[in-house]
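Following the working numbering, the numbering of the sequence shown begins with 103 at its first residue and continues without gaps. Following: one structure in C-alpha cells, then a few remarks.
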Amino acid sequence: MTATIMDGKATAEKIRAGIKAEVTNLKVKPGLAAVLAGKNPASQVYVEIKRKTCDDVGIYSELYKLPEETTEKELLQLIDKLNKSEKIHGILVQLPLPKHINEEKVLEAIALEKDVDGFSLVNVGRLASGREAAVPCTPKGVIRLLEEYSIDLAGKNAVVIGRSNIVGKPTALLLLNRNATVTICHSKTADLPHYTKKADILIAAVGKPKLVTADMVKEGAVVIDVGINRIDGKLIGDVDFEPVRKKAAYITPVPGGVGPMTVAMLIENTLERYKKITGAK
Ligand code: NDP
Numbered sequence: 103m104t105a106t107i108m109d110g111k112a113t114a115e116k117i118r119a120g121i122k123a124e125v126t127n128l129k130v131k132p133g134l135a136a137v138l139a140g141k142n143p144a145s146q147v148y149v150e151i152k153r154k155t156c157d158d159v160g161i162y163s164e165l166y167k168l169p170e171e172t173t174e175k176e177l178l179q180l181i182d183k184l185n186k187s188e189k190i191h192g193i194l195v196q197l198p199l200p201k202h203i204n205e206e207k208v209l210e211a212i213a214l215e216k217d218v219d220g221f222s223l224v225n226v227g228r229l230a231s232g233r234e235a236a237v238p239c240t241p242k243g244v245i246r247l248l249e250e251y252s253i254d255l256a257g258k259n260a261v262v263i264g265r266s267n268i269v270g271k272p273t274a275l276l277l278l279n280r281n282a283t284v285t286i287c288h289s290k291t292a293d294l295p296h297y298t299k300k301a302d303i304l305i306a307a308v309g310k311p312k313l314v315t316a317d318m319v320k321e322g323a324v325v326i327d328v329g330i331n332r333i334d335g336k337l338i339g340d341v342d343f344e345p346v347r348k349k350a351a352y353i354t355p356v357p358g359g360v361g362p363m364t365v366a367m368l369i370e371n372t373l374e375r376y377k378k379i380t381g382a383k
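Now the structure itself:
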C-alpha cells in the first residue's frame with residue numbers, strides 16, 4: 103500500500119480563497135493583532151507567515167514585536183489596549199512567552215470574544231463539554247484535513263501522541279466530540295507502540311524527529327504528522343515519512359500538511375470572531 107498524501111497546502115489555499123472572497127465584500131475589515139515577545143526564531147517565522155496571510159486575504163493586521171525584557175505588566179497593558187480596539191477582532195499571543203511572564207495570566211487577559219486561538223479557560227471548557235466555540239487552530243486544522251479527505255471518525259480508534267494544551271489535548275477532545283475512541287499518549291506512556299499499532303487514526307504531536315516508525319503503524323492507518331523539527335536547516339515531522347507511507351492509507355507531509363492548515367484556521371477564526379462581534383452574517 104502507498105498512502106495518499108493529504109495535501110494541507112492545497113486545502114488551506116482553497117479555504118483562504120473562500121475567506122478572501124467573503125472579506126472582499128465587507129466594508130469594515132476583520133482585524134487580527136499578533137503579539138510576539140522575545141526572540142524565539144520559530145515564533146518570528148510563524149508571526150510573519152500569519153501577517154502575510156492576513157494581507158493576502160484582506161484581513162487587517164497589527165503585529166507587535168516586543169523585546170525579551172518586556173514585563174508582564176507591559177504585556178497586559180497591550181492586551182488591554184487591543185481588547186478595546188475597534189479595529190481588532192482577534193488577538194493572538196504567540197507562545198512560548200519569555201519565562202518571567204505568566205502565560206496563563208496573559209491568555210486569560212484576552213477578551214473572550216477576541217480569543218482567536220481558543221486558549222482561554224472558558225473556551226477550553228466549552229471544547230471539553232462538547233460545545234465548541236473558538237477552537238485552537240492546529241487541532242481544528244487537523245480535523246478539517248480529515249474531513250477534506252472524507253475520513254470517517256465515528257467508532258475509529260484514534261491515538262494522539264502528545265498532550266499539550268495547544269495541540270494534543272484539544273485534538274483528542276475534537277476527535278472524541280466526533281465519536282472516535284480516543285487514546286492519549288505522552289512521554290510517560292509505557293510501550294507507545296502497543297497503542298499506536300491499534301490506531302486507525304494516528305496523530306503525532308510531539309516534536310521528536312521520526313519518532314513514529316513503520317513498525318508502530320497499523321496497515322491502512324491514517325497518519326497525521328503535526329510535528330515540526332528543524333534538522334540541518336530542513337523541516338521534518340515526527341513520522342518517518344517514506345517507510346510509514348508504504349504502510350498507511352493516508353499521510354500528511356511535513357512541510358505542506360498541518361502547518362498551512364493551522365494558518366488557514368487562524369484567519370477563519372478571525373473572521374468568525376469578527377462576525378460574532380459585529381453581528382455580520
Ligand atoms: P509540547 O512540547 O508542548 O508537547 C509535546 C508532547 O509530546 C508532550 O505531551 C510530551 O509528553 C510528549 N512527548 C515527548 N516525548 C515523547 C515520547 N518520546 N513519546 C511520547 N510522547 C512524548 O509540544 P506542542 O504540543 O506545542 O507541539 C508538538 C509538535 O507540534 C512540535 O514539533 C511543534 O513544533 C509542532 N507544532 C506544529 C504546529 C503546526 O502548525 N504544524 C503548531 C504547533 C505545534 P509530556 O506531556 O509527558 O511531557
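Ideal placement from N, C-alpha and C gives every residue a C-beta, glycine not left out.
Counting along the chain, no beta strand (DSSP E) covers V244; the unbroken alpha helix (DSSP H) around it starts and ends at C239 to E250. In its chain, beyond the 5 residues on either side, T240, P241, A307 and V328 have a beta carbon closer than 7 angstroms to the beta carbon of V269. As the crow flies, the alpha-carbon of N185 is around 37 angstroms from that of L255. By the C-beta density criterion, V147 is exposed, having fewer than 16 other C-beta atoms within 10 angstroms. With respect to the 8 angstroms criterion, A316 and P345 are classified as neighbours on the basis of their beta carbons. One Cα belongs to T106, the other to H288, and the distance between them is close to 27 angstroms. Ranked by Cα distance from I161, the first of L223, K383, G381 and N371 is N371. For N331, the Cβ falls inside the 7 angstroms cut-off from some heavy atom of the ligand NDP.
Here DSSP, grouped into helix, strand and coil, assigns A139 to strand. Here I253 has I303, V324 and Y352 as same chain residues with Cβ atoms under 8 angstroms from its own Cβ, once five neighbours each way along the sequence are excluded. DSSP links T283 through a beta bridge to N259.
Per DSSP, D327 lies in no alpha helix (DSSP H) segment; the continuous beta strand (DSSP E) that holds it begins and ends at V324 to D327.
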